[in-house]
Amino acid sequence: MTDDALTPAQIQQIRDRVAELMPQVRADLEELVRIPSVSASSFDQSQVTRSADAVAELLRREGLDVEVVVEGGRPAVIGHLDGPEGAPTVTLYAHHDVQPPGDDADWDSSPFEPEEREGRLYGRGAADDKAGVMAHVAALRAHAGNLPVGVTVFVEGEEESGSPSLGTILEKHGDRLAADAIVIADSGNWDIGTPALTTTLRGGIRVVVRVQTLDHSVHSGMFGGAAPDATTALVRLLASLHDADGTVAVAGLDAGEAADIDYDEQRFRAESGLLDGVSLIGSGSILSRLWNKPSITTIGIDATSIDKASNTLSAKAAAKISVRLAPTQDPLVAFERVREHLEAHAPWGARLTVELEEHGSGFAADANGPVYDEARASFADAWGTEPVDMGVGGSIPFISDFSARFPDASIIVTGVEDPDTRAHGANESLHLGEFEKVCVAEAVFLARLGALRSAH
């Protein structure tokens, strides 16, 4: 690690500058949160365009040459500002689209009207990922007029919808995004007060399985007991996906072990909201189950609702399952293993169709070398404590696209989230104190990279 890349006085100067900037950074973040930029097709897509325009304006104010790019999907924003001659270039990624808010009744405040409570800013996108956008803007503002590196900012508009046009954007505009380092601000930190570098992410597939046992629904009294109904067949099929202890029962899926980091059951129960008396599932260390082993979750079922149910045997039923995969797993191979399992375990000869709805690769960084050293040093500068290298159980499939497109770039996965953020859920929030440290770390990282090149 190049501890002499920056002096303590220079680091303190950046801290002071960021602290001075935070009121306006927060105000700009709140304005972004007020835009309901849900990229799901059932929502008003003009709001996603409005959000892209707002991000573009923020970047233009910092002197970047900015373009809003649309390649068959939602609008993305690309901005660039040259650094000193010979300086490295850094690409800063975030996304401005958000998840649907869900039921407003589940929120303690309006999802698109930011509200501070006990040091946290609540609102959809307050953390994931509009705070990521504003962390990049804050770092630019901290170096206004004296940028130590060349910077490209890429803010995607459809990450929460699977990034369907990202491949085309990389194909047509990839040369503009090439850099020595790529900072992806879409993850989180280990805990309040402890920063982290995300070095592994699980991959994932989404699968829809449809079950049919009859050519039409029939009277449960006249035919029940001899003819199987599709809903019960589906339930039995889904149950086959796990062993008795909850370990995934699909053969042939990759599994690995996580690094030995202290994380006990009590903390997991608190962070997950697991009810008293409910057991954990799976085997091995908790972090291995979360980061390095497959998981299967039923995330939706099509069956007759309780309030509309009649005494009939259902002819058809369907389920959507989310399968998280070890970072090393090929997602298409995983789909074949899941499909084979489902077809082999169809009860009572029920007819199945198994459809791959979405897939994405995992990520495992070789997190060594000077750029990673400077990233870790920047975290330590901002938090006053050494960062943790951690995995994440979720998936960010586009990172593998970046890795393939820019094989020589060091990919740094950071983020603003903490264990209480509740990204994607009701009452999503941002810890404002930690957010300032995120902004400091990124500003210091840019300065360290500039100083590192100067030293050589």
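Using this note's numbering, read the sequence shown as starting at 17 and increasing by one per residue.
Virtual Cβ for every residue (Gly too), placed ideally from N, Cα, C.
Which of helix, strand or coil DSSP assigns to residue i
i           : result
residue 51  : coil
residue 128 : coil
residue 78  : coil
residue 444 : coil
residue 374 : strand
residue 186 : helix
residue 362 : coil
residue 324 : helix
residue 256 : coil
residue 17  : Below a pLDDT of 50, predicted positions are generally treated as unreliable, and residue 17, at 42, falls in that range; the measurement from the model is reported next regardless. If DSSP states are grouped into helix, strand and coil, residue 17 belongs with coil.
residue 228 : strand
residue 112 : coil
residue 379 : strand
residue 218 : coil
residue 314 : strand
residue 344 : coil
residue 203 : strand
residue 27  : helix
residue 60  : coil
residue 71  : helix
residue 266 : coil
residue 273 : coil
residue 45  : helix
residue 334 : strand
residue 83  : strand
residue 103 : coil
residue 291 : coil
residue 250 : helix
residue 37  : helix
residue 193 : helix
residue 121 : helix
residue 319 : coil
residue 350 : helix
Of the listed residues the options, nearest to residue i (C-alpha basis)
i           : options            : result
residue 361 : 98, 447, 252, 118  : 252
residue 170 : 180, 152, 322, 157 : 152
residue 381 : 401, 368, 410, 426 : 426
residue 209 : 466, 454, 266      : 454
residue 207 : 279, 335, 374      : 279
residue 86  : 135, 174, 205, 159 : 174
residue 146 : 348, 126, 446, 238 : 446
residue 163 : 100, 122, 195, 136 : 100
residue 177 : 414, 468, 449, 45  : 414
residue 44  : 27, 93, 148        : 148
residue 24  : 405, 396, 103      : 396
residue 436 : 347, 417, 460, 286 : 286
residue 66  : 58, 75, 51         : 51
residue 237 : 329, 203, 184      : 329
residue 282 : 295, 355, 92       : 295
residue 110 : 202, 129, 127      : 202
residue 318 : 246, 78, 327, 156  : 246
Opening and closing residue of the alpha helix (DSSP H) in which residue i lies
i           : result
residue 395 : 386-399
residue 306 : 302-307
Proximity below 8 Å, CB of residue i to CB of residue j
i           : j           : result
residue 372 : residue 223 : yes
residue 475 : residue 119 : Any property of residue 475 remains undetermined from this structure, which presents the chain solely from 17 to 472.
residue 68  : residue 84  : yes
residue 42  : residue 213 : no
residue 464 : residue 186 : no
residue 266 : residue 249 : no
residue 198 : residue 374 : no
residue 56  : residue 116 : yes
residue 192 : residue 456 : no
residue 95  : residue 218 : no
residue 135 : residue 448 : yes
residue 308 : residue 347 : no
residue 127 : residue 137 : no
residue 262 : residue 298 : yes
residue 422 : residue 194 : yes
residue 78  : residue 156 : yes
Opening and closing residue of the beta strand (DSSP E) in which residue i lies
i           : result
residue 239 : Premise fails: residue 239 lies in the alpha helix (DSSP H), 236-239, not in any beta strand (DSSP E).
residue 288 : First-last for residue 288: 281-288, but that is the alpha helix (DSSP H), not the beta strand (DSSP E).
residue 170 : 166-172
residue 92  : 92-97
residue 405 : 404-408
Cβ-heavy atom distance, residue i to the ligand HEM, below 7 Å
i           : result
residue 452 : In the structure on display, the ligand HEM does not appear, and there are no ligands present to speak of.
Next item on the list: Pick out the complete alpha helix (DSSP H) segments inside the stretch 130-159, 4 residues or longer, and give them in chain order.
Entry: Qualifying alpha helix (DSSP H) stretches, in chain order: 146-158.
What are the start and end residues of each continuous beta strand (DSSP E) run of 3 or more residues lying completely inside the stretch 410-471, in chain order? With a minimum length of 3 residues, the continuous beta strand (DSSP E) runs that stay inside the stretch 410-471 are 426-433, 445-447.
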